[in-house]
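Take my numbering: the final residue in the sequence shown is number 492, and no numbers are missing along the way.
Here a beta-carbon is modelled for each residue, glycine too, at the ideal position from N, C-alpha and C.
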Amino acid sequence: MVPFLVPDDFRAFLQEVVAYVDGPEDDKLLDAEDAFHHECGHGGRVERLGDGASIYAFTYIESSGQAKWEVLLAEPQMREIADGLLIEVPAERLDLVKTKHRTPSGEPLLIWGEYGDDALVITGAEMLQKALDGLHTASFDQPRLVRMWSAADDQLVAVLAGDECALYVVESVEGYATACGDPARTDTITLSDPDGGDFVVPGCDLISWEVARTGFATFLEEGDLGSAIPVEGRIPSALLMMGDIDRKEALASRQEPARTVERSSVNRLATPVPVDVDEVDDATAPVELETHMRAEELAAWAKRFLELLAERELLEPVQTGNRDEVYYQVGGLLAAHAREAQDSVDTADFLANELSQIRHVGQLFATGGDLQVVLRRSRP
């Protein structure tokens, strides 16, 4: 621990926290490491003491982007700082600017969603540009949040919105930064972040897609956006915590990522209109399913279901030797969700995600809409 001289922006942050804690709102969100957000950092309550007092932990990031401070405060200390009565506290200082000679620790990675095929190991600049072009096309339908790690764990967060893009460096040898757009713009773009909240992108952070595209390539090779893209040493507070999640941690929370663009979800996102299929009969009309099915009936349905997916090249075949186990698990999913999934795209998407998590099931390429068709054609 070293002395931390309280800066004005951190004091203003704690004034907002105290006002919220003392406010009349019910069901306040306090007990989370990112319960409070500010341009200079984030924090939350980490412990309640027996006498009714509380301990709060805050992360303060210097405006220069050179370092961050981990500050642990009892509630009276937090209030004294907010009131201007306390100007120095002990804290832990962590450097953000790393050595210029960072050693590669893995393969570059691109992530744009929560599922296993929403990630791609980048093996070269050509593959990166091909994936980005597909995501760019998909962003005309809705904005896309994309994250990229270089081989040395430099991290870039981007928001793709048609012919515009926002670039945020959350980890690099130079600290964090934001690419500068037109400062006169006052419009915003709102999209859902990976945790389900709303992330607001100011219009002044948006630059042209062609410029951003070159920035991705430079970041892949050098860990920064290059001199052609002007940046400022700031970053939205909602992205601050992403700098604490490295490539290894991101990979640990998902299935093995794709190694070719074709095996990822990029093409599916870029072509959202489903391909027409030949209608065999009228069996696709909604029909009530049996309320109860025996285990062997469910397993037989699961077998037909998976085989039809594989036949349509929407699923890699189940590994030999594990089929009975897979049929049993998939049968359970069908019993629980198939009826609703046939008429609800949201439930069908959920079912697709659950299928992709089953061990020994190969790579799944089907959308929720694909599953709806296959469910109706494979059911008993």
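Looking at Leu-483, Gly-443, Arg-435, the one whose alpha-carbon comes closest to that of His-472 is Arg-435. Note that the C-beta distance between Arg-359 and Trp-261 is below 8 Å. Counting only the Cα atoms, Ile-199 lies some 51 Å from Ala-370. Given a length threshold of 4 residues, each whole run of the alpha helix (DSSP H) inside the region 292-373 is given here in chain order: 321-334, 359-364. Membership of Ile-193 in any beta strand (DSSP E) is not indicated; the residue belongs instead to the alpha helix (DSSP H) covering 187-194.
If the five residues before and after Ala-270 are omitted, its C-beta is found closer than 8 Å to the C-beta atoms of Leu-257, Val-258, Arg-259, Met-260, Cys-277, Ala-278, Leu-279, Tyr-280, Ala-324, Phe-328, all from its own chain and listed in chain order. Taking C-beta atoms under 8 Å as the contact rule, Glu-219 and Val-233 qualify, at a distance of about 5 Å. Annotated three-state conformation of Leu-467 is helix, per DSSP. For the pair Tyr-440 and Ala-412, the CB atoms are not nearer than the 8 Å cut-off.
Considering only Asp-275, Leu-268, Ala-263, the residue with the shortest C-alpha distance to Asp-253 is Asp-275.
If you keep only unbroken beta strand (DSSP E) runs of at least 3 residues inside the region 161-186, you get 166-173, 179-186.
Between Phe-477 and Leu-418, the beta carbon gap of about 13 Å keeps them out of contact (Cβ cut-off 8 Å). In the three-state reduction of the DSSP assignment, Gln-475 falls in the coil class, being assigned neither a helical nor a strand state. Look at Arg-491 here: in three-state DSSP terms it is coil, with no helix or strand label. Put simply, of Gln-178, Leu-161, Phe-170, Gly-162 the residue whose alpha carbon is nearest the alpha carbon of Gly-345 is Gln-178. Counted as a single uninterrupted DSSP element, the alpha helix (DSSP H) harbouring Val-378 occupies residues 378-382. For Met-260, the enclosing beta strand (DSSP E) begins and ends at 256-261.
In the DSSP annotation of this structure, the continuous segment of the beta strand (DSSP E) that includes Leu-272 starts and ends at 267-273. A residue is called buried when at least 16 other Cβ atoms come within 10 angstroms of its Cβ; Gly-246 meets this threshold and is buried. Taking all protein chains shown into account, Ala-407 has fewer than 16 neighbouring C-beta atoms within 10 Å of its C-beta and is therefore exposed. Each residue's CA atom was taken as its position, placing Trp-224 and Gly-162 some 44 Å apart.
For Leu-363, the closest of Val-485, Asp-265, His-150, Gly-474 by C-alpha to C-alpha distance is Asp-265. Per DSSP, the continuous alpha helix (DSSP H) segment holding Glu-128 begins and ends at 120-133.
The residues Cys-316, in chain order, have a CB closer than 8 Å to that of Pro-295 in the same chain once the five nearest residues on each side in sequence are set aside.
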